[in-house]
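2 protein chains.
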Amino acid sequence: MTRDPSIYRLCLVTDRDLARGRALTDVVAAAVQGGVTMVQLREKSATTREFLEEARALKAVLAPHGVPLVINDRVDIALAVDAEGVHVGQKDMPVEQVRALAGSRIIGLSITNADQMRGEDTRLCDYLGVGPLYLQQTKADASTPLGVEGFRALRAMTDRPVMAIGGLKADNCAPVLAAGADGLAVVSGIVSADDPRAASQAFARLFQK
Amino acid sequence: MTRDPSIYRLCLVTDRDLARGRALTDVVAAAVQGGVTMVQLREKSATTREFLEEARALKAVLAPHGVPLVINDRVDIALAVDAEGVHVGQKDMPVEQVRALAGSRIIGLSITNADQMRGEDTRLCDYLGVGPLYLQQTKADASTPLGVEGFRALRAMTDRPVMAIGGLKADNCAPVLAAGADGLAVVSGIVSADDPRAASQAFARLFQK
Chain E
1 MTRDPSIYRL CLVTDRDLAR GRALTDVVAA AVQGGVTMVQ LREKSATTRE
51 FLEEARALKA VLAPHGVPLV INDRVDIALA VDAEGVHVGQ KDMPVEQVRA
101 LAGSRIIGLS ITNADQMRGE DTRLCDYLGV GPLYLQQTKA DASTPLGVEG
151 FRALRAMTDR PVMAIGGLKA DNCAPVLAAG ADGLAVVSGI VSADDPRAAS
201 QAFARLFQK
Chain B
1 MTRDPSIYRL CLVTDRDLAR GRALTDVVAA AVQGGVTMVQ LREKSATTRE
51 FLEEARALKA VLAPHGVPLV INDRVDIALA VDAEGVHVGQ KDMPVEQVRA
101 LAGSRIIGLS ITNADQMRGE DTRLCDYLGV GPLYLQQTKA DASTPLGVEG
151 FRALRAMTDR PVMAIGGLKA DNCAPVLAAG ADGLAVVSGI VSADDPRAAS
201 QAFARLFQK
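Chains as they are written, first to last, in this note's numbering: chain E, 1 to 209; chain B, 1 to 209.
See the structure below:
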């Protein structure tokens, strides 16, 4: 399926615990106003029912704006709410199985090193999330940061759209884009921002140059 | 779909942490020799990839014997390995959504009280797991035990096949069957047994009277 590649420019990756008590629907609505082009719902401790309800609520926020919703890990939830995509990591379902279940939905894959980049899954997915770029507190189990040069090397190994992720702030992304990132996937830089709309705008402006 | 109701007689519900270091495939293979008629794979801390691989391994053990595999919570994993069924609790995906995704697969639902029994999901599923019958250590978040009389009251509220679950041992099940259980769902009574085959046989013998 041909997709507008601009959907990969600015992805908000949710983290309920970093939202400072605000509802994810409110944070996401503000971020959409600010220019995010995709939202990935990531839930690591919610029950399936909570995850499903949150996915349905975000879908309702995003659909009127045509912003695709991508569900982290859970293909069943993506199917149940008819989300536009699924994002998997290396410990989730292999992309071949995801494709069999999710059909033409967008499939994203997290990549942290060259070995993973050489895997079959890289060829079968629609976009890659490559990182972490910088040191960050979002993921307790995050890998060693790639830095810009490490990112550049991985980016050169694939012709898939690549979103950089990990420790991104509006003021440290210029070299990442110069190193070949098609887009930016942002967690705390938007979710924890005082003003998620303004934070999203600051990232979005990087693509207007 | 019409199913042989004997599949609901003796369900082994897995718990990796209670298997005393033995592979679940070995425990399940022994339990099938002993007469279990269904296996529910329950994984609460595994990654999706581990869960998927375990499901595939159990499917390979069970398929030659015609014993159905039911996946706890994860409809996507059930679909990926073509398991015969899905079992959901009250915090998992509602049965209506499970049915939409899982089609004619067996759908089981956990019930712990009368309010849940009155829910729409009870009508939409294929069998109910009702419990806990007795005090047990398997689930840290288990509800107050129903006891035989509490079980009898819930059992009378539905015409679905009902498996009793919770603290079952071969020597405390006779009153449960007399109270109307169609079958028994057993966790530690088989998974933790010195001899899972002999333990399964002891439960299976209760249906030969």
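Backbone N, C-alpha and C fix where the C-beta goes; we use that ideal spot for every residue, glycine too.
Figure out for me which residue from the options has the closest Cα to the Cα of residue i.
{"i": "Q255 (chain E)", "options": "E:A100, E:D73, E:I106 and E:A83", "result": "Within the shown structure, residues of chain E are numbered from 1 to 209, placing residue 255 (chain E) beyond reach of any answer."}
{"i": "N113 (chain E)", "options": "E:P161, E:D92, E:F151 and E:R49", "result": "E:F151"}
{"i": "E84 (chain B)", "options": "B:M93, B:Q97, B:A100 and B:L62", "result": "B:L62"}
{"i": "R123 (chain E)", "options": "E:S143, E:L135, E:Y134 and E:P94", "result": "E:P94"}
{"i": "V36 (chain B)", "options": "B:A23, B:D82, B:S6 and B:R22", "result": "B:S6"}
{"i": "A153 (chain B)", "options": "B:L128, B:Q136 and B:A179", "result": "B:A179"}
{"i": "A164 (chain B)", "options": "B:A19, B:Y134, B:A23 and B:A193", "result": "B:Y134"}
{"i": "G26 (chain B)", "options": "B:A204, B:L206, B:A193 and B:R160", "result": "In the sequence as displayed, the identity of residue 26 (chain B) is Asp instead of Gly. Closest by alpha carbon: B:A193."}
{"i": "D171 (chain B)", "options": "B:G131, B:A204 and B:G66", "result": "B:A204"}
{"i": "L101 (chain E)", "options": "B:L79, B:P161 and B:D115", "result": "B:L79"}
{"i": "T14 (chain E)", "options": "E:I71, E:R3 and E:A60", "result": "E:I71"}
{"i": "D126 (chain B)", "options": "B:G108, B:D159 and B:R99", "result": "B:G108"}
{"i": "A60 (chain E)", "options": "E:D76, E:G147, E:V28 and E:L146", "result": "E:V28"}
{"i": "T47 (chain E)", "options": "B:V32, B:V88 and B:D82", "result": "B:V88"}
{"i": "D159 (chain E)", "options": "E:A181, E:A30 and E:L177", "result": "E:A181"}
{"i": "V81 (chain E)", "options": "B:G66, B:V98 and B:V86", "result": "B:V98"}
{"i": "D115 (chain B)", "options": "B:G167, B:M157, B:A202 and B:G34", "result": "B:M157"}
{"i": "D195 (chain B)", "options": "B:L41, B:G129 and B:Q33", "result": "B:Q33"}
{"i": "R3 (chain E)", "options": "E:V176, E:V39, E:P161 and E:L168", "result": "E:P161"}
{"i": "L41 (chain E)", "options": "E:V86, E:D76 and E:G66", "result": "E:V86"}
{"i": "P145 (chain B)", "options": "B:V75, B:E43, B:I111 and B:V39", "result": "B:I111"}
{"i": "G66 (chain B)", "options": "B:M38, B:G103, B:V176 and B:L128", "result": "B:M38"}
So is residue i in contact with chain E if we call contact Cβ pairs under 8 Å?
{"i": "L69 (chain B)", "result": "no"}
{"i": "Q116 (chain B)", "result": "no"}
{"i": "L101 (chain B)", "result": "yes"}
{"i": "T48 (chain B)", "result": "yes"}
{"i": "Q97 (chain B)", "result": "yes"}
{"i": "L168 (chain B)", "result": "no"}
Answer with buried or exposed for residue i, where buried requires no fewer than 16 other C-beta atoms within 10 angstroms of its C-beta.
{"i": "R105 (chain E)", "result": "buried"}
{"i": "S45 (chain E)", "result": "exposed"}
{"i": "E96 (chain E)", "result": "exposed"}
{"i": "P68 (chain B)", "result": "buried"}
{"i": "E120 (chain B)", "result": "exposed"}
{"i": "A199 (chain B)", "result": "buried"}
{"i": "A23 (chain E)", "result": "exposed"}
{"i": "S143 (chain B)", "result": "exposed"}
{"i": "R118 (chain B)", "result": "exposed"}
{"i": "Q208 (chain E)", "result": "exposed"}
{"i": "R20 (chain E)", "result": "exposed"}
{"i": "P64 (chain B)", "result": "exposed"}
{"i": "D17 (chain B)", "result": "exposed"}
{"i": "G131 (chain B)", "result": "buried"}
{"i": "E50 (chain E)", "result": "exposed"}
{"i": "A30 (chain B)", "result": "buried"}
{"i": "G166 (chain B)", "result": "buried"}
{"i": "A202 (chain E)", "result": "buried"}
Shorter than 8 Å from the beta carbon of residue i to some beta carbon of chain B?
{"i": "Q33 (chain E)", "result": "no"}
{"i": "K91 (chain E)", "result": "yes"}
{"i": "T112 (chain E)", "result": "no"}
{"i": "V247 (chain E)", "result": "For chain E, the structure presents residues 1 to 209; residue 247 (chain E) sits outside this window and is missing."}
{"i": "L79 (chain E)", "result": "yes"}
{"i": "L10 (chain E)", "result": "no"}
{"i": "Q208 (chain E)", "result": "no"}
{"i": "L52 (chain E)", "result": "yes"}
Check the DSSP bridge columns for residue i and list the partner residues they point to.
{"i": "N72 (chain E)", "result": "E:H87"}
{"i": "I106 (chain E)", "result": "E:G85"}
{"i": "L10 (chain E)", "result": "E:L184"}
{"i": "M163 (chain E)", "result": "E:G129 and E:G183"}
{"i": "L41 (chain E)", "result": "E:I71"}
{"i": "I111 (chain B)", "result": "B:V130"}
At least three beta-carbon pairs within less than 8 Å, the region 7-16 of chain E to the region 178-191 of chain E: yes
How do the region 189-199 of chain E and the region 54-61 of chain B stand: do at least 3 beta-carbon pairs fall below 8 Å, yes or no? no
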